Amino acid sequence: MVAIKFGKLIFIASIGLAVVIAIASVMPELGLTRGHAHLQFSTIRQGGVPHSSAVIWLGWVFGIITLILFFFVLSLGAARQNRLRGLGKPFVIICVLIAATWTGIVVTYQAYVSDPDPVLLFGFPLPTSLMIFVFPAVSLLVTILFVVRYPKSVLTEEDLEKYQQLLDDKEKSS
Amino acid sequence: MESFRDPIILSSVALYMLLCIAVGIWAMRRTTNTRDFFMAGRHLGIIVAGIAMFSSTMSGFGFVGGPGLVYALGASSLWILITVPFSFAICDFTVGKRLRMFAGVLDTISLPDIIAARYDSEATRGLSALAILLGVLGYLATQMLAMATVLQSILINSNFWPEASFVACIVISSSVLVFYCVTGGMLASVYTDLVQGSIMMVAGVLVFIAAFSAVDGGAAGISSIIMADDPESMGPWGTIGMFACLSWLFMFTLGTAGQPHIVSKAMMIEDIRSYRFMPLVTVTGYTITALLWVSIGLAMRALVLSGQHPELASADAAAPEFLQHYAHPILAGIVFAGLFAAIMSTSDAFLNIGAAALTHDIPKSLKRPVSNELHSARIGTIVIAVAAAAFALYSHYENARLIALLGVFGWGTFAAALVPTVAVGLNWKRGTANAACAAIVTSLILNFTIEVFDIPLPGGIHGGTVALLASLILYFGISYASKPPKIDSRVSAVMDI
């Protein structure tokens, strides 16, 4: 089993995100705000012109680093002595599934904005459907993983004994 | 039935408030010390703790601001909702079990207690308590403002008290909140949260059905109307663009693990083994209540764009307008009670952690602990409520920007100050006290500076995201540049489990 230093990985991913933001700040298209007020209804805003390909793919990178950073933080919380006690492979699989969903949203968005008659799935445009229905469903796998693996990977019998020992020591000292 | 709409709404809200008072009286008899007052005696079952956790997360912002955001910005704000399973999972894996263990082993009664023990530093305690206090004042003032606004509209519309002033409404609604928080402390908070969370879930499901029935063709009909007006608003980034949406995703998903009113619930459960089921309760509850956020916002946008409803006076009027015009009177009554429930369930948690910061943590960090903590905690709760109400009134009559300024000390500051310090720090022994102090101070300065000077960021990226990233980088950078810290043996032992 390989010991991984998740602290270092979170640090590197955070710097990566800062670099993406720095690049975004010099892209003229991103400007400072996006969208504009509706011509007829002042309380409603419109998005206006779709994002260009360059912005979309920079955003894709931002999204991928963000998702990977989330998994590094999850791993930091789950790891003991930098080992994931059976959670490593499931984390990687779920991370890949979420990254694939994210990529699907980005790719289908580009098709959506160029299609005059876009496909609706469950009443929403395809990229929005992926975002509303698939993204949370895949994220839910992390919740299920926590529930299923809790006694084996999060709080084992051995962990409980150590915790009880600490409580007993506290009782004795007080 | 329609002619009884306003009396039904008024009765529902009155009944709900009476219920809160009754819970306060019940809890008062069971609150005998500070552990009861701040930690509900650490005897909570997982259902009660889980519902309290999700209902504290879904505040008035979710029930009023959420539909308003969807109405005004299209699909953009859904990025706050779609990773809720992830948000709670990050909380559960990083802080859930560990906070409960620290509470047991170190007998702590607040989050800054644990921070002080972890870093062996009273400065980290004082700074984290200060960040919490500032965030609490801002958040609480906005919640009180929302409560008074809704109550005033109900009283005036029902003709029960047509001249009800804003001051009277803030006094009435805050008094109920303060009553059960002062008498029953956290015990009253979590049991009112149980009632409040249940009402919110019922409201979420019923409104979802009503909203999609209000427009011909349901979800597809709504999408067609909105897309015909502006395809981008129904796309995945809505009207604010991809980078702004991603910044919300980052801040709200990772930031949940730094919200003291949410994570402190983990310290209150009785049996640590039952924590296994915490995410099932929180994710289910939050997802059901979020149905209201999405459905009302989309339905009202479509109704206004298609000319079936006049334009709203403001985006935040989306939920009240929908309930007044498209919901059955009984449903409207339930949802208005749910609205108060959403606001109060968050406010009571803030009052409690604010009182702990004011009467327990700040005095301890100054080496001036108070003698009768339970009595001081009750007084502290009243002081914070009065201060927040004063801010709310000043903002309403004199300076609307004040609340917004204090509000930024809410989610964004908690996230930037406490994610590195708590979510990372409790799992990473290399983190130092200086790094924690730097992260907290940076979060306060950056969040406040970006808001005060209205500094625009590229692509509409949220200021809280920049603050969170900066504090994370500083925390790791300073820690790596320093010698590894010495950690108390008991703290180290808990971190090893």
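Order-wise, the sequence lines are chains Z and X. Going by the working numbering, the first sequence opens with residue 7, and the numbers climb by one from there. Going by the working numbering, the second sequence opens with residue 952, and the numbers climb by one from there. Yeah, the Cβ is synthetic: ideal placement off N, Cα and C, and Gly gets one too. Just so we're clear, the structure is a prediction, and the values are computed from it rather than from any experiment.
Any chance the CB of residue i is under 7 angstroms from a heavy atom of the ligand PLP?
{"i": "X/Ser-1215", "result": "Absence of the ligand PLP is noted for the structure shown, with no ligands found whatsoever."}
Taking the C-alpha atoms as reference points, what is the distance between residue i and residue j?
{"i": "Z/Leu-173", "j": "Z/Leu-80", "result": "27 angstroms"}
{"i": "Z/Glu-167", "j": "X/Cys-1042", "result": "24 angstroms"}
{"i": "X/Ile-1335", "j": "X/Arg-1076", "result": "19 angstroms"}
{"i": "X/Leu-1256", "j": "X/Leu-1423", "result": "43 angstroms"}
{"i": "X/Val-1214", "j": "X/Ser-1007", "result": "10 angstroms"}
{"i": "Z/Ile-29", "j": "X/Phe-1194", "result": "12 angstroms"}
{"i": "Z/Thr-72", "j": "X/Leu-1231", "result": "24 angstroms"}
{"i": "X/Val-964", "j": "X/Leu-1096", "result": "17 angstroms"}
{"i": "X/Gly-931", "j": "X/Val-1403", "result": "Nothing can be reported for residue 931 of chain X: it is not among the residues displayed for chain X, which extend from 952 to 1448."}
{"i": "X/Ala-1338", "j": "X/Val-1118", "result": "14 angstroms"}
{"i": "Z/Met-7", "j": "Z/Gly-94", "result": "Here the model assigns Z/Met-7 a pLDDT of 46, short of 50, so the residue's position is not dependable, and the following value carries that caveat. Approximately 10 angstroms between the Cα atoms of the pair."}
{"i": "X/Gly-975", "j": "X/Gly-1289", "result": "18 angstroms"}
{"i": "Z/Gly-54", "j": "Z/His-44", "result": "10 angstroms"}
{"i": "Z/Leu-15", "j": "X/Phe-1203", "result": "21 angstroms"}
{"i": "Z/Val-26", "j": "X/His-1347", "result": "39 angstroms"}
{"i": "X/Asp-1180", "j": "X/Ala-1269", "result": "19 angstroms"}
{"i": "X/Ile-1150", "j": "X/Gly-1001", "result": "15 angstroms"}
{"i": "X/Val-999", "j": "X/Gly-1148", "result": "10 angstroms"}
{"i": "X/Val-1392", "j": "X/Gly-1168", "result": "52 angstroms"}
{"i": "X/Phe-1053", "j": "Z/Gly-83", "result": "15 angstroms"}
{"i": "X/Tyr-1131", "j": "X/Met-1185", "result": "43 angstroms"}
{"i": "Z/Thr-49", "j": "X/Ala-1266", "result": "6 angstroms"}
{"i": "X/Thr-1372", "j": "Z/Asp-175", "result": "27 angstroms"}
{"i": "Z/Ser-20", "j": "Z/Ile-10", "result": "17 angstroms"}
{"i": "X/Arg-1069", "j": "X/Pro-1436", "result": "10 angstroms"}
{"i": "Z/Ala-60", "j": "Z/Ile-104", "result": "22 angstroms"}
{"i": "X/Val-1234", "j": "X/Gly-1016", "result": "20 angstroms"}
{"i": "X/Gly-1415", "j": "X/Ser-1072", "result": "26 angstroms"}
Classify residue i as helix, strand or coil using the three-state DSSP reduction.
{"i": "Z/Ala-172", "result": "Rather than Ala, the amino acid found at residue 172 of chain Z in this sequence is Leu. In this structure, Z/Leu-172 counts as helix in the three-state DSSP scheme."}
{"i": "Z/Phe-130", "result": "strand"}
{"i": "Z/Ala-43", "result": "strand"}
{"i": "X/Ile-1033", "result": "coil"}
{"i": "Z/Gln-87", "result": "coil"}
{"i": "Z/Met-7", "result": "Bear in mind that a pLDDT of 46 at Z/Met-7, under 50, signals an unreliable position, so the number given afterwards is only what the model happens to contain. It is coil, neither helix nor strand."}
{"i": "X/Gln-1210", "result": "coil"}
{"i": "X/Ile-1438", "result": "coil"}
{"i": "X/Ile-1220", "result": "strand"}
{"i": "X/Arg-1252", "result": "helix"}
{"i": "X/Arg-1381", "result": "coil"}
{"i": "X/Arg-1319", "result": "coil"}
{"i": "X/Glu-953", "result": "helix"}
{"i": "Z/Pro-122", "result": "coil"}
{"i": "X/Val-1046", "result": "helix"}
{"i": "X/Glu-1114", "result": "coil"}
{"i": "X/Trp-1188", "result": "coil"}
{"i": "X/Val-1370", "result": "helix"}
{"i": "X/Arg-1085", "result": "As written in the sequence, residue 1085 of chain X is Leu, which differs from the Arg given in the question. If DSSP states are grouped into helix, strand and coil, X/Leu-1085 belongs with the helices."}
Thinking residue i and residue j are a contact (beta carbons under 8 angstroms), I'd like their distance in whole angstroms, please.
{"i": "X/Phe-1273", "j": "X/Ala-1162", "result": "7 angstroms"}
{"i": "X/Leu-1157", "j": "X/Leu-1282", "result": "5 angstroms"}
{"i": "X/Gly-1361", "j": "X/Leu-1084", "result": "The Cβ separation is near 12 angstroms, so there is no contact."}
{"i": "X/Asn-1323", "j": "X/Ala-1367", "result": "Actually they are not in contact, since the Cβ atoms of X/Asn-1323 and X/Ala-1367 sit about 35 angstroms apart, beyond 8 angstroms."}
{"i": "X/Val-1146", "j": "X/Leu-970", "result": "6 angstroms"}
{"i": "X/Val-1133", "j": "X/Arg-1329", "result": "5 angstroms"}
{"i": "X/Ala-1023", "j": "Z/Thr-134", "result": "Between Z/Thr-134 and X/Ala-1023 the Cβ distance is about 17 angstroms, and since that is not below 8 angstroms, they are no contact."}
{"i": "X/Met-990", "j": "X/Met-1152", "result": "That pair is no contact at about 25 angstroms."}
{"i": "X/Thr-1240", "j": "X/Gly-1013", "result": "7 angstroms"}
{"i": "Z/Ile-100", "j": "Z/Leu-136", "result": "About 16 angstroms; that fails the 8 angstroms criterion."}
{"i": "X/Val-1284", "j": "X/Ile-1065", "result": "Strictly speaking, residue 1284 of chain X in this sequence is Gly, with Val absent from that position. About 42 angstroms separates the two Cβ atoms, so there is no contact after all."}
{"i": "X/Ser-1061", "j": "X/Asp-1312", "result": "6 angstroms"}
Interface residues of the region 1180-1191 of chain X facing chain Z [CB-CB below 9 angstroms] = Only Asp-1180, Asp-1181, Pro-1182, Glu-1183, Ser-1184, Met-1185, Gly-1186, Pro-1187, Trp-1188, Gly-1189, Thr-1190 and Ile-1191 from the region 1180-1191 of chain X bring a Cβ to less than 9 angstroms from some Cβ of chain Z.
Interface positions of the region 1002-1020 of chain X facing chain Z (Cβ-Cβ less than 8 angstroms), listed along the chain: None of the residues of the region 1002-1020 of chain X has a beta carbon lying less than 8 angstroms from any beta carbon of chain Z.
- Message: I'd like the ranges of any beta strand (DSSP E) spanning at least 3 consecutive residues and lying wholly in the region 957-994 of chain X.
- Response: none
Complete runs of the alpha helix (DSSP H) confined to the region 1260-1284 of chain X [at least 4 residues]
1269-1277
The region 1161-1179 of chain X: which residues have C-beta closer than 9 angstroms to a C-beta of chain Z, in chain order?
Taking 9 angstroms as the Cβ-Cβ cut-off against chain Z, the residues of the region 1161-1179 of chain X that qualify are Phe-1163, Gly-1168, Gly-1169, Ala-1170, Ala-1171, Gly-1172, Ile-1173, Ser-1174, Ser-1175 and Met-1178.
(message) Any C-beta of chain Z within less than 9 angstroms: which residues of the region 1213-1232 of chain X qualify?
(response) Of all residues in the region 1213-1232 of chain X, only Ile-1223, Arg-1224, Tyr-1226, Arg-1227, Phe-1228, Met-1229, Pro-1230 and Leu-1231 come within less than 9 angstroms of chain Z when Cβ atoms are compared, listed by chain position.
**Message:** To test your reading of the DSSP string, which unbroken beta strand (DSSP E) runs of 3 or more residues are found completely within the region 1141-1179 of chain X?
**Reply:** none
Let me know the alpha helix (DSSP H) ranges lying completely inside the region 43-81 of chain Z, each 4 residues or longer, listed in chain order. none
Mind checking the region 1357-1380 of chain X against chain Z and listing, in chain order, the residues whose C-beta falls within less than 8 angstroms of any C-beta there?
Ala-1374, Val-1375, Asn-1378 and Trp-1379
| request: Would you list, in chain order, the members of the region 52-65 of chain Z that have their beta-carbon closer than 9 angstroms to a beta-carbon of chain X? | output: Gln-52, Gly-53, Gly-54, Val-55, Pro-56, His-57, Val-61, Ile-62, Leu-64 and Gly-65
**Report entry** Residues, ordered as in the chain, of the region 1197-1211 of chain X that lie near chain Z by beta-carbon distance below 7 angstroms
**Finding:** Leu-1197, Leu-1200, Phe-1201, Thr-1204 and Leu-1205
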